[in-house]
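Counting in the numbering used here, the sequence shown runs without a single skipped number right up to 367 at its last residue. Every residue gets a Cβ at the ideal spot worked out from N, C-alpha and C, and that includes glycine. Fair warning: this is a prediction, and the values are worked out from it, not measured in the lab.
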Amino acid sequence: FDAATSISRTPAAEVYENIISDLEYAKTWLPATVTSRATPSKAAASSYLALVYLTLEQWQNAYNEAQEVIDNAGTYNLALEPNFQNLFNADAIDASLEPIFALDYNNFEADDNAYDQTAPMTGIRGDDRNLGGGWSVAVPTLEVYTTWDAADYRRAVSMDDEVSIGGTVVDYTQFDISGHEFAKNNPYIAKYTRFPGPFARANARATSHNYSMIRYAEVLLIAAEAAVELGDNATALNYINQVRARARMGGETQTGAGVTVVVEPSDEPADLTGTVTVDDVLEERRLEFAFEGIRWYDIARRRIGNEVFGASGLEGEKPFFSEDDYLLPLPEDELERNPNLTQNPGY
């Protein structure tokens, strides 16, 4: 108790030193292969080290760690999943070689709804797929959908633009026919609602999804971004185009109305040519990892909030965004408990 009321804030640099030390130790002692991707592995430690170094703008270290994973992908049993939809199919994800470290599903049903709620939070209010429909809590803006190339298979997997409501199949311009107050006429997030697995309850709660915390595609894009910063354009092109090639392979998925569709291979997104920029890599990360909880950290580490939340951004202008918004406030009760703590700027 005394320590909790007397400690001071640790400098960020010192925190990162300890993170790196822990991951280096883990990389040394963790196994090269694991039976479950929910078990940390040597590849997981190296992948997270690469991400930490990317955040710290230590480009050579970030590249080295990512390249170590890529060079040993065969040993680590890693590869891009051929069908992007399988990464978000509770019945298929266990067989995929793409996840490096995953948050594994637990079928334990706790009291007070204490289980996975991602699907209902992102689901369409009043649709017929799951009893009660979704809750329309996290709904992308229309611009996220309309600016995404329709030939990019990832859009078909990531967003629902058609569902069945009351037995009627409608497109996103009529999602409000359910009559629910919070229904929105926008395409919705689809990654967590289409294939929630056999244990899903009403609203697809208690889904049996395993969530990929870091996957092989991210390692490729970490290496690509670091390579751009190091002036190695050929390597950056190679790795970013591997991710784009998978996106145009197509595959089998479903509409929000439950209709199975086969998206044929296409020419989009085409391979990049010429000089790869940091913006190219960040845009690829935005599309590849849409709605996976990664985008904000890219915005913060690259300090691009003014651009992303400006008038030309996909969400429209956020007039009150400032540098202070990259950090959250410390809880008031923690500040009252410990006078040595100082509040973050702007709060």
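Query raised in the report: Can you name, in chain order, every residue of its own chain whose Cβ lies under 7 Å from the Cβ of N253, other than the five neighbours on each side?
Result: In the sequence shown, counting from the first residue as 1, residue 253 sits at position 233. Answer for N253: T295, V296, listed in chain order.
Requested in this report: For I314, name the three-state secondary structure that DSSP assigns.
Outcome: Residue 314 sits at position 294 when you count from the first residue of the sequence shown. In the three-state scheme derived from DSSP, where H, G and I count as helix and E and B as strand, I314 is classed as coil.
**Report entry** P359 burial status per 10 Å Cβ neighbour count (16 or more: buried)
**Finding:** Along the sequence shown, read from residue 1 onward, the residue named residue 359 stands at position 339. With fewer than 16 Cβ atoms within 10 Å of its Cβ, P359 is classed as exposed.
Query - Alpha-carbon spacing of E118 relative to D22, whole angstroms - result: Residue numbering aside, residue 118 sits at position 98 when the sequence shown is read from its first letter. Residue numbering aside, residue 22 sits at position 2 when the sequence shown is read from its first letter. Rounded to whole angstroms, E118 to D22 spans 45 Å at the Cα level.
Requested in this report: Assign I27 to one of two classes, buried (16 or more other C-beta atoms within 10 Å of its C-beta) or exposed (fewer than that).
Outcome: As a first step, residue 27 must be located in the sequence shown, where it is residue number 7. By the Cβ-count criterion, I27 is exposed, with fewer than 16 other Cβ atoms from all chains shown falling within 10 Å of its own Cβ.
Query - Selected residue, minimal CA-CA separation from E182, among V328, E288, Q194 - result: Here residue 182 corresponds to residue number 162 of the sequence shown, with the count starting at 1. Of the candidates V328, E288, Q194, the one whose C-alpha sits nearest the C-alpha of E182 is Q194.
Query raised in the report: What does a CB cutoff of less than 8 Å around F329 pick up in its chain, not counting 5 residues either side in sequence?
Result: The residue labelled residue 329 in the question sits at position 309 within the sequence shown. Closer than 8 Å at the Cβ level, and outside the excluded window around F329, lie E335, E337, K338, F341.
Query raised in the report: Would you say the segment 48-66 touches the segment 211-221, given that touching needs at least three Cβ pairs under 8 Å?
Result: no
**Report entry** Sequence-distant residues of the same chain with beta carbon closer than 7 Å to T25, five excluded per side
**Finding:** By 1-based counting over the sequence shown, the position of residue 25 is 5. Hits under 7 Å: R357, N358.
Query raised in the report: Skipping 5 residues on each side, what residues in its chain have a beta carbon closer than 7 Å to that of G271?
Result: Here residue 271 refers to the residue found at position 251 when the sequence shown is read from its first residue. Take G271, set aside five residues on each side of it, and the residues of its chain with a beta-carbon closer than 7 Å to its own are N103, F104, Q105, Y173, V283, in chain order.
Query raised in the report: Taking buried to mean at least 16 other C-beta atoms within 10 Å of its own C-beta, is D299 buried or exposed?
Result: Translated into positions along the sequence shown, residue 299 becomes position 279. Label assigned to D299: exposed.
**Report entry** A122: first and last residue of the uninterrupted alpha helix (DSSP H) it sits in
**Finding:** Counting from 1 along the sequence shown, the entry for residue 122 is found at position 102. A122 -> not in any alpha helix (DSSP H); beta strand (DSSP E) instead, spanning 119-123.
Query raised in the report: Comparing alpha-carbon positions, which option in R322, A171, Y208 lies nearest D287?
Result: Position 267 of the sequence shown, counted from the start, is the residue given in the question as residue 287. Comparing Cα-Cα distances from D287 to each of R322, A171, Y208, the minimum goes to A171.
Query raised in the report: Below 9 Å between beta carbons: does that hold for T213 and I260?
Result: For the purposes of this step, residue 213 is identified with residue 193 of the sequence shown, where counting begins at 1. For the purposes of this step, residue 260 is identified with residue 240 of the sequence shown, where counting begins at 1. The answer is no: Cβ separation not under 9 Å.
Query - Option nearest D353 by Cα separation, candidates Y346, T362, L347, D345 - result: For the purposes of this step, residue 353 is taken as residue 333 along the sequence shown, with counting starting at 1. Measuring from the Cα of D353, the nearest candidate turns out to be T362.
Query raised in the report: When you compare only the Cα positions, how much space is there between R175 and E163?
Result: For the purposes of this step, residue 175 is taken as residue 155 along the sequence shown, with counting starting at 1. For the purposes of this step, residue 163 is taken as residue 143 along the sequence shown, with counting starting at 1. R175 and E163: Cα-Cα distance of roughly 13 Å.
**Report entry** Residue interval of the alpha helix (DSSP H) (run including I39)
**Finding:** For the purposes of this step, residue 39 is taken as residue 19 along the sequence shown, with counting starting at 1. Per DSSP, I39 belongs to the alpha helix (DSSP H) from 32-49.
Query - Given K211 as reference, the closest of N223, N109, A277, R264 once Cα atoms are compared - result: Here residue 211 refers to the residue found at position 191 of the sequence shown. The shortest Cα separation from K211 among N223, N109, A277, R264 belongs to N109.
Report task. Go through the segment 55-105 residue by residue and report every complete run of the alpha helix (DSSP H) that reaches 4 residues or more, in order. Result -> Listed in chain order, they are 62-75, 79-91, 93-96.
Report task. Give the DSSP-derived three-state secondary structure of T245 in the structure shown. Result -> The residue labelled residue 245 in the question sits at position 225 within the sequence shown. Strictly speaking, residue 245 in this sequence is Glu, with Thr absent from that position. Correct three-state label for E245: helix.
Requested in this report: Measure from the alpha carbon of V279 to the alpha carbon of each residue in Y96, V177, G325, then state which is nearest.
Outcome: Stepping through the sequence shown from its first residue, residue 279 is reached at position 259. The candidate whose alpha carbon is nearest that of V279 is V177.
Query - Beta-carbon contacts of L71 that lie in its chain and below 8 Å, excluding the five residues immediately before and after - result: Numbered from its first residue, the sequence shown carries residue 71 at position 51. The residues are A82, I234, E238, I242.
Query raised in the report: Would a C-beta distance cut-off of 9 Å place R315 and P289 closer than the cut-off?
Result: By 1-based counting over the sequence shown, the position of residue 315 is 295. By 1-based counting over the sequence shown, the position of residue 289 is 269. No, these two residues do not count as a Cβ contact at 9 Å.
Query raised in the report: Cα separation between Y317 and E77?
Result: The count along the sequence shown starts at 1 and reaches residue 317 at position 297. The count along the sequence shown starts at 1 and reaches residue 77 at position 57. Between Y317 and E77, the C-alpha separation is close to 13 Å.
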